[in-house]
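Heads up, the thing below is written out as structure tokens.
Number of protein chains: 4
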Amino acid sequence: MADGDIGRLIVACPDRHGIVAAIATSLAEAGANIITSDQHSTNPEGGTFFLRMEFHLAGLAERRAALDERLARVAEDLQLRWRVSAATERKRVAVFVSRSDHCLLELLWRWRRGELDMDVVAVISNHPDHEQEVSRFGVPYHHVPVTAESKARAEERQLELLAGKVDLVVLARYMQVLSPPFLEAVGAPVINIHHSFLPAFVGADPYLRAYERGVKLIGATAHYATEELDAGPIIEQDVARVSHRHEPAVLARIGGEIERLVLARAVGWHLDDRVIVHGNRTIVF
Amino acid sequence: MADGDIGRLIVACPDRHGIVAAIATSLAEAGANIITSDQHSTNPEGGTFFLRMEFHLAGLAERRAALDERLARVAEDLQLRWRVSAATERKRVAVFVSRSDHCLLELLWRWRRGELDMDVVAVISNHPDHEQEVSRFGVPYHHVPVTAESKARAEERQLELLAGKVDLVVLARYMQVLSPPFLEAVGAPVINIHHSFLPAFVGADPYLRAYERGVKLIGATAHYATEELDAGPIIEQDVARVSHRHEPAVLARIGGEIERLVLARAVGWHLDDRVIVHGNRTIVF
Amino acid sequence: MADGDIGRLIVACPDRHGIVAAIATSLAEAGANIITSDQHSTNPEGGTFFLRMEFHLAGLAERRAALDERLARVAEDLQLRWRVSAATERKRVAVFVSRSDHCLLELLWRWRRGELDMDVVAVISNHPDHEQEVSRFGVPYHHVPVTAESKARAEERQLELLAGKVDLVVLARYMQVLSPPFLEAVGAPVINIHHSFLPAFVGADPYLRAYERGVKLIGATAHYATEELDAGPIIEQDVARVSHRHEPAVLARIGGEIERLVLARAVGWHLDDRVIVHGNRTIVF
Amino acid sequence: MADGDIGRLIVACPDRHGIVAAIATSLAEAGANIITSDQHSTNPEGGTFFLRMEFHLAGLAERRAALDERLARVAEDLQLRWRVSAATERKRVAVFVSRSDHCLLELLWRWRRGELDMDVVAVISNHPDHEQEVSRFGVPYHHVPVTAESKARAEERQLELLAGKVDLVVLARYMQVLSPPFLEAVGAPVINIHHSFLPAFVGADPYLRAYERGVKLIGATAHYATEELDAGPIIEQDVARVSHRHEPAVLARIGGEIERLVLARAVGWHLDDRVIVHGNRTIVF
Numbered sequence: 446m447a448d449g450d451i452g453r454l455i456v457a458c459p460d461r462h463g464i465v466a467a468i469a470t471s472l473a474e475a476g477a478n479i480i481t482s483d484q485h486s487t488n489p490e491g492g493t494f495f496l497r498m499e500f501h502l503a504g505l506a507e508r509r510a511a512l513d514e515r516l517a518r519v520a521e522d523l524q525l526r527w528r529v530s531a532a533t534e535r536k537r538v539a540v541f542v543s544r545s546d547h548c549l550l551e552l553l554w555r556w557r558r559g560e561l562d563m564d565v566v567a568v569i570s571n572h573p574d575h576e577q578e579v580s581r582f583g584v585p586y587h588h589v590p591v592t593a594e595s596k597a598r599a600e601e602r603q604l605e606l607l608a609g610k611v612d613l614v615v616l617a618r619y620m621q622v623l624s625p626p627f628l629e630a631v632g633a634p635v636i637n638i639h640h641s642f643l644p645a646f647v648g649a650d651p652y653l654r655a656y657e658r659g660v661k662l663i664g665a666t667a668h669y670a671t672e673e674l675d676a677g678p679i680i681e682q683d684v685a686r687v688s689h690r691h692e693p694a695v696l697a698r699i700g701g702e703i704e705r706l707v708l709a710r711a712v713g714w715h716l717d718d719r720v721i722v723h724g725n726r727t728i729v730f
Numbered sequence: 446m447a448d449g450d451i452g453r454l455i456v457a458c459p460d461r462h463g464i465v466a467a468i469a470t471s472l473a474e475a476g477a478n479i480i481t482s483d484q485h486s487t488n489p490e491g492g493t494f495f496l497r498m499e500f501h502l503a504g505l506a507e508r509r510a511a512l513d514e515r516l517a518r519v520a521e522d523l524q525l526r527w528r529v530s531a532a533t534e535r536k537r538v539a540v541f542v543s544r545s546d547h548c549l550l551e552l553l554w555r556w557r558r559g560e561l562d563m564d565v566v567a568v569i570s571n572h573p574d575h576e577q578e579v580s581r582f583g584v585p586y587h588h589v590p591v592t593a594e595s596k597a598r599a600e601e602r603q604l605e606l607l608a609g610k611v612d613l614v615v616l617a618r619y620m621q622v623l624s625p626p627f628l629e630a631v632g633a634p635v636i637n638i639h640h641s642f643l644p645a646f647v648g649a650d651p652y653l654r655a656y657e658r659g660v661k662l663i664g665a666t667a668h669y670a671t672e673e674l675d676a677g678p679i680i681e682q683d684v685a686r687v688s689h690r691h692e693p694a695v696l697a698r699i700g701g702e703i704e705r706l707v708l709a710r711a712v713g714w715h716l717d718d719r720v721i722v723h724g725n726r727t728i729v730f
Numbered sequence: 446m447a448d449g450d451i452g453r454l455i456v457a458c459p460d461r462h463g464i465v466a467a468i469a470t471s472l473a474e475a476g477a478n479i480i481t482s483d484q485h486s487t488n489p490e491g492g493t494f495f496l497r498m499e500f501h502l503a504g505l506a507e508r509r510a511a512l513d514e515r516l517a518r519v520a521e522d523l524q525l526r527w528r529v530s531a532a533t534e535r536k537r538v539a540v541f542v543s544r545s546d547h548c549l550l551e552l553l554w555r556w557r558r559g560e561l562d563m564d565v566v567a568v569i570s571n572h573p574d575h576e577q578e579v580s581r582f583g584v585p586y587h588h589v590p591v592t593a594e595s596k597a598r599a600e601e602r603q604l605e606l607l608a609g610k611v612d613l614v615v616l617a618r619y620m621q622v623l624s625p626p627f628l629e630a631v632g633a634p635v636i637n638i639h640h641s642f643l644p645a646f647v648g649a650d651p652y653l654r655a656y657e658r659g660v661k662l663i664g665a666t667a668h669y670a671t672e673e674l675d676a677g678p679i680i681e682q683d684v685a686r687v688s689h690r691h692e693p694a695v696l697a698r699i700g701g702e703i704e705r706l707v708l709a710r711a712v713g714w715h716l717d718d719r720v721i722v723h724g725n726r727t728i729v730f
Numbered sequence: 446m447a448d449g450d451i452g453r454l455i456v457a458c459p460d461r462h463g464i465v466a467a468i469a470t471s472l473a474e475a476g477a478n479i480i481t482s483d484q485h486s487t488n489p490e491g492g493t494f495f496l497r498m499e500f501h502l503a504g505l506a507e508r509r510a511a512l513d514e515r516l517a518r519v520a521e522d523l524q525l526r527w528r529v530s531a532a533t534e535r536k537r538v539a540v541f542v543s544r545s546d547h548c549l550l551e552l553l554w555r556w557r558r559g560e561l562d563m564d565v566v567a568v569i570s571n572h573p574d575h576e577q578e579v580s581r582f583g584v585p586y587h588h589v590p591v592t593a594e595s596k597a598r599a600e601e602r603q604l605e606l607l608a609g610k611v612d613l614v615v616l617a618r619y620m621q622v623l624s625p626p627f628l629e630a631v632g633a634p635v636i637n638i639h640h641s642f643l644p645a646f647v648g649a650d651p652y653l654r655a656y657e658r659g660v661k662l663i664g665a666t667a668h669y670a671t672e673e674l675d676a677g678p679i680i681e682q683d684v685a686r687v688s689h690r691h692e693p694a695v696l697a698r699i700g701g702e703i704e705r706l707v708l709a710r711a712v713g714w715h716l717d718d719r720v721i722v723h724g725n726r727t728i729v730f
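Just so you know, the sequences run in chain order A, B, C and D. Offset between the first sequence (1-based) and the numbering used here: plus 445. Offset between the second sequence (1-based) and the numbering used here: plus 445. Offset between the third sequence (1-based) and the numbering used here: plus 445. Offset between the fourth sequence (1-based) and the numbering used here: plus 445.
Shown next, in the form of structure tokens:
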């Protein structure tokens, strides 16, 4: 099977009788073979229905228009929101980072190994530290300093750098809060890694606060950034066991492992169109 | 939605074009609404396709025959092996146990709480120990002693007790090896809990051998029993962290927790028709 | 080694030079052999030092007084708070429970199997539901109904039942908040199991709120009850993975497994004198 | 506290009365303050006793000889094997690697971040692939090709490169089996990462065999290399959940994450003198 012949169909609609039959029939008539299929209904009576199918269609590029036409007809009948993408359409990604490089390197390294299907188009940092490291991956590095006074201008500069060029922004331990106007203007989803098991320890210094509270597990949370800090839809979380022996600096080191893995998983799922936002929750297929 | 109107369709067949469309259309035409659907193909080109759907069909009992007829027609066209069951058809289960009661009690207690959809029709043990405990759950307790000499006769007695009365046998820490003729004659799948992370420590005394090998995690494995000891298809496994401080007796205690959870999950999935055996592997939907 | 000859020494004191040498020498001179030893210092310069030793002393009962005398001398020199107990001194435990029996039964089962070194002296519930079940374990069951109006009287009744008779109270999913005066009067530590990964979801209905927040892991927390609800020192926590497919009722069922294990571990460690409270944190040896 | 004033004492000896008292007294008399202490006895009556202490001794470098003298006296009395090291004495480490870079880079990143207290003195590979990457870390890269015929000569070359220069060899997915003579001649412990949950899947292609066996968890094991392949003392293990959906290539990718973390933990503990080998098992303090 050629990668170029693999497509993904994402559907969201009011749940009702016959959706799967109509879609599967459309695909079959278009010559497509369903490879994987996941679906979820928040409530079979009156809820919302979500579907993700991967399918194989020999000559997808040429036959895409005909497929879209078929699906459009079904969609109109059933009031579907839908979207088809080819598995080979890579999302363009910008990574924001501050001083800590562990999440950044994890993403770049997985990308180089072919584990993350994306084009990294820019790394933006409020520090100059990672320029050399990033350049070795062939990625432009933009140092945009941020202070309390310069923040608005810095965000303008960041928006210029990104305008029309990205499908996803990843905050890989970027320690500046992005303003609501920025989030609105950026025109792409933003995934953040928060260094706690949300909703515990929203805000600053979660490892210090975890230490003070004496928790026995620490965690990390990858979520879509929204206007309200650390309150957006959660994509993935994980935890590690800690004890009274671990001071805040050690918690931060142990947590760093979790942050890397959680962020890499969340970004990978997003790139593969596996994450659907529904209200403040996510469906992850 | 009435529970009695919920059905499950399990399908296994050579993978080919149009299966989902044909089945979903059949269900839709029969008036059924698909609630959940999981599918897996070992290889979209020439592999085996597996499907599990839960659907709602108002008046399932009365309309079952018509549905079956439709599906039979599709099945013939596409060479499907298939099976429909109503969610309310409870499987009849016999539990085998020796001295340790932890797995037995876990199953009985979850059953009483309504977490396991089954009818426990018998507990069979080579020891008399649990008679009183089991009787309080309203389940017949059969003490069938087993010695090296009496084993064949004991198995005959067990088969008499079970003949035509069970859909599933669960070995909840039953420390006797069942003979191949027994497994053939019993006429129902047999789920065993093995107290190691298979394929490590096949056979006797796994906790002692785990201790001697100095592993840092111990585990438990629920699998279908087959002629070859501890080699049948694995349904579920889990592990717990241990250290040099834990002697074999402590490993057994920690492992007991894992055994209980792993067996309860495996039995629950089997009861819900979520487990499909394919060669020596399982698909768990 | 006879169990009766095994003792435990717990020490807490300002950290300073020579503590271990002084204590170990005292024990050695008293004829005791140290079996296990754990220690922790919050800060070797000016912090607090904690020690837990298990030791063997042939004829402990008879030689206890002499040992205590030696230790008292060391303690005076070094300003130690200390406590020796024999491993065979079982703590007297009362369990409080409401409708859900899973945590209660987990404790009673483990106790019967010899996994928890305690004497269960009473089960107290605001519901009559578990009387028969509990009586089979040979434990008195006290039904003390609680309403908003009767709460003060109910707590008086509970205190009468417990006065001078318990070393530990375990809230095994007891859904009433105990008042500060009760906690002060009861004269024994109180361990509670909270059905969330604290400090997330303090208060009522944590599973519903976990569902609404869309977390990907749910958890449970065993902690000492203090005046401020769900804010006491944490003894143990654990989590389980969940997904968009799990509705609040399913989260509660999955969480129930975690609650049982977390509470049983915390109670076991407390019974073995492994948990030391320091401010709002615990040291767990 | 200056890092240079922190020492570690490792002791192994037949268990007997008074060891801790004697050692702690020696340290106290030498002016050292014990910071952390861990001990383990395989059996308080006739077993082996292990101890690891971290202590602070102002002016350790100058007072080391006097401390050693004191300890030597105690050691003679009690038949102790013992060893003191300063926390600042960094072990010299050589890393062996084949094609996969994930374990190598994990170690180099952590080293650069100051998370692994070592000097990486060489990377040796049977492939030229990682030369540029490694050189950026300022580490010499030696390409030593290995074929069936050249293996003996290759090992000679490796031994020349390492002779007298390393305290630890790490096999970071080095896919050649080292011969017993090499292991004997190298004069330093060798830590290997095996890509399975040992003792399951000893030998080649563990992910393929895990797939074929249908396990539900895959794992990785860091162990000391010994003459018998994959049978040496285990330092650390961990697992990840997998399902029927994961083909061998995906298992290898998921497993790679576990390999990285498990190896990094094992190496870190070894560097901190936390791992003691006892027969074919390890004590990890």
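A virtual CB, placed ideally from N, CA and C, is assigned to each residue, including glycine.
Measure the CB-CB distance between ALA511/B and GLY452/B and report whether it falls below 8 Å.
no
Between the region 554-563 of chain A and the region 474-488 of chain A, do at least 3 Cβ pairs fall closer than 8 Å?
no
Between VAL589/C and the rest of its own chain, which residues show a CB-CB distance below 8 Å, the 5 nearest in sequence each way excluded?
ILE569, SER570, ASN571, ALA599, ARG602, GLN603, LEU606
Can you give me the C-alpha to C-alpha distance between GLY700/C and PRO693/B, rounded to a whole angstrom?
29 Å
Taking Cβ positions only, does GLU490/A come closer than 8 Å to chain B?
yes
Going by Cα to Cα distance, which pick from PRO489/C, LEU502/C, PHE495/C is closest to GLU490/D?
LEU502/C
Anything in chain A within Cβ reach of LEU525/D, meaning under 8 Å, just list it in chain order.
Within chain A, no residue comes near LEU525/D; the closest Cβ sits about 26 Å away, beyond 8 Å.
At least one CB of chain C closer than 8 Å to the CB of ARG698/B: is that the case?
yes
What does LEU716/C touch in chain B if you count any residue whose Cβ is under 7 Å from its own?
Result: empty, since nearest Cβ-Cβ is about 14 Å, beyond 7 Å.
Proximity of ASP483/C and ARG461/C at Cβ, strictly below 8 Å
no
Within 8 Å (strictly less), CB to CB, does VAL456/B reach chain A?
no
Taking the Cβ atom as the reference point for each residue, do ALA670/C and ASN637/C lie within a distance shorter than 8 Å?
yes
Determine the burial state of MET446/C: buried for a count of at least 16 other Cβ atoms within 10 Å of its Cβ, exposed for fewer.
exposed
Exposed or buried, which one is PRO626/C when buried takes at least 16 other CB atoms within 10 Å?
exposed
Measuring CB to CB, does LEU616/A end up less than 8 Å from VAL635/A?
yes
TRP554/A - partner residues in DSSP beta bridges:
Paired residues: none, contrary to the question.
Considering just the uninterrupted stretch of the alpha helix (DSSP H) at LEU604/A, what are its terminal residues?
596-607
Which same chain residues end up closer than 6 Å to VAL456/D when comparing Cβ atoms and leaving out the 5 residues on each side of it in sequence?
LEU496, LEU525, TRP527
Between VAL622/B and the rest of its own chain, which residues show a CB-CB distance below 8 Å, the 5 nearest in sequence each way excluded?
LEU674
So, is ARG705/B buried or exposed, given that buried needs 16 or more other C-beta atoms within 10 angstroms?
buried
Can you give, in chain order, each stretch of the alpha helix (DSSP H) that sits fully within the region 635-668 of chain B and has at least 4 residues?
651-658
Just reading off the alpha helix (DSSP H) that THR470/C is part of, what are its end residues?
464-474
Which term fits GLN577/A, buried or exposed, when burial requires 16 or more other beta carbons within 10 angstroms of its beta carbon?
exposed
Measuring CB to CB, does VAL687/A end up less than 8 Å from LEU708/A?
no
Extent of the continuous beta strand (DSSP E) run through ARG537/A:
536-542
Just grab the DSSP bridge partners of VAL720/A for me.
VAL729/A
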